[in-house]
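*Asks:* In our numbering, the protein residues as written are 3 to 167.
Even glycine gets a Cβ: it sits at the ideal position worked out from N, Cα and C.
After the structure tokens below, expect a handful of questions from me.
Shown next as structure tokens:
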């Protein structure tokens, strides 16, 4: 999302150098699309309906990923579409089950970003995906905890990794 968005707080594991970016990601509305229903997820806010749905489907955790606009830099739509198709192929090849998502900036400044709710994917699984698709963060859902952001390894406090290519 965009560093120009306004949010309602900065997560504790947010990148120290860019709290505006952290607030923007935290303010984003993450819409998870299921047949016949949808959930709008927000960082730090539990959704009992989503939690029940995950449990009913046999999942204890999930992660939201997108391949659009790497490192919060707008790229041409065709490139974003190609990146989205690539992540879909790679998730399928790796055997992950997914629900489609749409990540929306409530201010309307940043364009909507399609992505995936990857069922069963936990924090330990995220780093390779964040690095491969050059994403600042992903959303981790692990009920009963509230959804939280997991930052790219190079964005975490104390990281010696470069934060941009």
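(1) Can you say whether residue 36 is buried or exposed, counting buried as having 16 or more other CB atoms within 10 angstroms of its CB?
(2) Exposed or buried, what is residue 140 when buried is set at 16 or more other beta-carbons lying within 10 Å of its beta-carbon?
(3) Smallest Cα separation from residue 117: which of 80, 41, 24 and 33?
(4) My output table needs one value for residue 117: the three-state DSSP class, helix, strand or coil.
(5) Return the chain-ordered list of same chain residues with a C-beta closer than 7 Å to the C-beta of residue 152, the five sequence neighbours on each side being excluded.
(6) Whose CA, out of 107, 90 and 136, lies closest to the CA of residue 28?
(7) In angstroms with no decimal places, state the Cα-to-Cα distance between residue 79 and residue 63.
(8) Starting from residue 77 and walking both ways along the alpha helix (DSSP H), at which residues does that stretch end?
(9) Quick one, are the C-beta atoms of residue 132 and residue 105 less than 9 Å apart?
(10) Quick check: residue 59 and residue 145, are their CB atoms within less than 9 Å of each other?
(11) Using only the alpha-carbon positions, how far apart do residue 98 and residue 130 sit?
(12) Enumerate in chain order the residues of its own chain whose CB-to-CB distance from residue 148 is below 7 Å, with the five nearest sequence positions on each side excluded.
(13) Taking the C-alpha atoms as reference points, what is the distance between residue 67 and residue 22?
*Replies:* Once the coordinates are examined:
(1) As a working note, residue 36 is residue 34 in the chain shown. By the neighbour-count rule (16 or more Cβ atoms within 10 Å), residue 36 is not buried but exposed.
(2) Translated into the one-based positions of the chain shown, residue 140 becomes position 138. Buried: at least 16 other Cβ atoms inside 10 Å.
(3) Working through the chain shown from its first residue, we reach residue 117 at position 115. Comparing Cα-Cα distances from residue 117 to each of 80, 41, 24 and 33, the minimum goes to 33.
(4) Translated into positions along the chain shown, residue 117 becomes position 115. Assigned with DSSP and collapsed to three states, residue 117 falls in strand.
(5) For the purposes of this step, residue 152 is identified with residue 150 of the chain shown, where counting begins at 1. 125, 128, 139, 140 and 142.
(6) If you number the chain shown from 1, residue 28 lands on position 26. The candidate whose alpha carbon is nearest that of residue 28 is 107.
(7) Position 77 of the chain shown holds residue 79. Position 61 of the chain shown holds residue 63. Straight across, the Cα-Cα distance linking residue 79 with residue 63 is about 31 Å.
(8) Start at 1 with the first residue of the chain shown, and residue 77 comes out as number 75. Per DSSP, residue 77 lies in no alpha helix (DSSP H) and is assigned neither H nor E.
(9) On the chain shown, residue 132 is found 130 positions in, with the first residue counted as 1. On the chain shown, residue 105 is found 103 positions in, with the first residue counted as 1. Going by C-beta atoms, residue 132 is not nearer than 9 Å to residue 105.
(10) Translated into the one-based positions of the chain shown, residue 59 becomes position 57. Translated into the one-based positions of the chain shown, residue 145 becomes position 143. Against a cut-off of 9 Å, the Cβ pair of residue 145 and residue 59 comes out as no contact.
(11) As a working note, residue 98 is residue 96 in the chain shown. As a working note, residue 130 is residue 128 in the chain shown. The straight-line gap from Cα to Cα measures roughly 14 Å.
(12) Translated into positions along the chain shown, residue 148 becomes position 146. Around residue 148: 46, 47 and 48.
(13) What you label residue 67 is simply residue 65 of the chain shown in a count that begins at 1. What you label residue 22 is simply residue 20 of the chain shown in a count that begins at 1. If you take the alpha carbons of residue 67 and residue 22, they lie about 20 Å apart.
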